[in-house]
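Working notes, structure below.
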Amino acid sequence: MNTKILLTLVALLMGINSLAQSRLDSLINLRKTDKLEGKVPTLYTPGYKDIALDYQTLITDAIKYYEGKYKVPLNVKLILLDSAQWIREAIPYGFVVFARGWIVMNTGMSYETFKQVYGTRSYSEQLDNEVKRMKIPPVEIVNSLLKFFSIHELGHYFIGKISSAKTPDHWTDEFAASFFSYEYFINNRPNELKPFELFCQINSKYYKPKYSTIADFNEKYTGIGVENYAWYHCNLYFLAKDIYNCQGKEFISIFEKNFPKDSDKKFTTHEIISLLDTNCNGIVNKWVTNLETKR
Numbered sequence: 006m007n008t009k010i011l012l013t014l015v016a017l018l019m020g021i022n023s024l025a026q027s028r029l030d031s032l033i034n035l036r037k038t039d040k041l042e043g044k045v046p047t048l049y050t051p052g053y054k055d056i057a058l059d060y061q062t063l064i065t066d067a068i069k070y071y072e073g074k075y076k077v078p079l080n081v082k083l084i085l086l087d088s089a090q091w092i093r094e095a096i097p098y099g100f101v102v103f104a105r106g107w108i109v110m111n112t113g114m115s116y117e118t119f120k121q122v123y124g125t126r127s128y129s130e131q132l133d134n135e136v137k138r139m140k141i142p143p144v145e146i147v148n149s150l151l152k153f154f155s156i157h158e159l160g161h162y163f164i165g166k167i168s169s170a171k172t173p174d175h176w177t178d179e180f181a182a183s184f185f186s187y188e189y190f191i192n193n194r195p196n197e198l199k200p201f202e203l204f205c206q207i208n209s210k211y212y213k214p215k216y217s218t219i220a221d222f223n224e225k226y227t228g229i230g231v232e233n234y235a236w237y238h239c240n241l242y243f244l245a246k247d248i249y250n251c252q253g254k255e256f257i258s259i260f261e262k263n264f265p266k267d268s269d270k271k272f273t274t275h276e277i278i279s280l281l282d283t284n285c286n287g288i289v290n291k292w293v294t295n296l297e298t299k300r
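All you need for the numbering used here is the position in the sequence shown, starting with 1, plus 5.
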């Protein structure tokens, strides 16, 4: 891992810890922002109203989908900041984060900046070629990823604060949030998944991870590095897709029953795989086996 990426991960870990100590609101107050009222109160860097409205509409729509399904209120706030106003004191530029009731996003970035932020150096040529072959505007790769992870972060809020589930470790926590996002998009905006799925196909095929086991992810988490972390998330996307194909919209309810918040049970990775495989004929076990053989 190069020094720049390592420092980015250190900054990300430090930033998340800082946000947990209530710094976010004070940092936001230092920014000059405009505001959109609505179900999801939205602050944004002046000049980016259209982008702010787009993401506010997306997140509001996802909230309505899940409020209609589970009959519970979801209450989050959104802030979109450009690179000049970005909260670098707490979060490396370009990451999507949920903290202190806020979904924090950037106002968008160029394709070249995206490739630098998300560490695509080792497979950049293959990604460029496939984007060109599929005739996808490169910026749509960026937009699709940001949209997916905005709802992924809403998923962290839902699973952690609203649902009756308690995720037993890091990989199930990240997987559940990605499933939450996948379910919303596949039922409401399936075409908006396609550029992100293409990115994940290239990432999972060409990136050679240093870490590839569930144990590595649980023990090191974001300390594995930006590139490797993105690789895990791309593979989690395909696991979410596979589980949706076998459990459909019932997965989150099954997840709540298998990992109840009021239980103190410590699950082994083998037990977690078995429970996630409910009605899925071993696809999770196969996914883990394939994941852990990639080096």
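For each residue, glycine too, the CB sits at the ideal point set by N, CA and C.
{"Asked": "Taking DSSP as the reference, what is the three-state secondary structure of residue 91?", "Found": "coil"}
{"Asked": "Taking one C-beta from the segment 214-226 and one from the segment 171-179 each time, how about it: are there three or more such pairs within less than 8 Å?", "Found": "yes"}
{"Asked": "Since residue 39 sits in a beta bridge, which residues does DSSP pair it with?", "Found": "49"}
{"Asked": "Is residue 284 closer than 8 Å to residue 252 when the C-beta atoms are compared?", "Found": "yes"}
{"Asked": "Quick one: using the 10 Å Cβ neighbour count with 16 as the cut-off for buried, is residue 157 buried or exposed?", "Found": "buried"}
{"Asked": "Within 10 angstroms of its Cβ, does residue 152 collect 16 or more other Cβ (buried), or is it exposed?", "Found": "buried"}
{"Asked": "What do you reckon, are the CB atoms on residue 108 and residue 32 nearer than 8 Å?", "Found": "no"}
{"Asked": "Per the DSSP calculation, residue 86 is bridged to which residue(s)?", "Found": "111"}
{"Asked": "Three-state secondary structure (DSSP) at residue 200?", "Found": "helix"}
{"Asked": "Check this for me: beta carbons of residue 47 and residue 83, under 8 Å apart or not?", "Found": "yes"}
{"Asked": "Shortest alpha-carbon distance to residue 230 belongs to which of 244, 241 and 215?", "Found": "215"}
{"Asked": "Over what stretch of residues does the alpha helix (DSSP H) that includes residue 136 continue unbroken?", "Found": "129-138"}
{"Asked": "Could you check what DSSP says for residue 264 in three-state terms: helix, strand or coil?", "Found": "coil"}
{"Asked": "With a 10 Å radius around its C-beta and 16 neighbouring C-beta atoms as the bar for buried, classify residue 4 as buried or exposed.", "Found": "As displayed, the chain neither begins before 6 nor continues past 300, which places residue 4 out of reach and without an answer."}
{"Asked": "Roughly how many angstroms separate the alpha carbons of residue 73 and residue 67, rounded to a whole number?", "Found": "10 Å"}
{"Asked": "Going by DSSP, name the residue or residues bridged to residue 170.", "Found": "265"}
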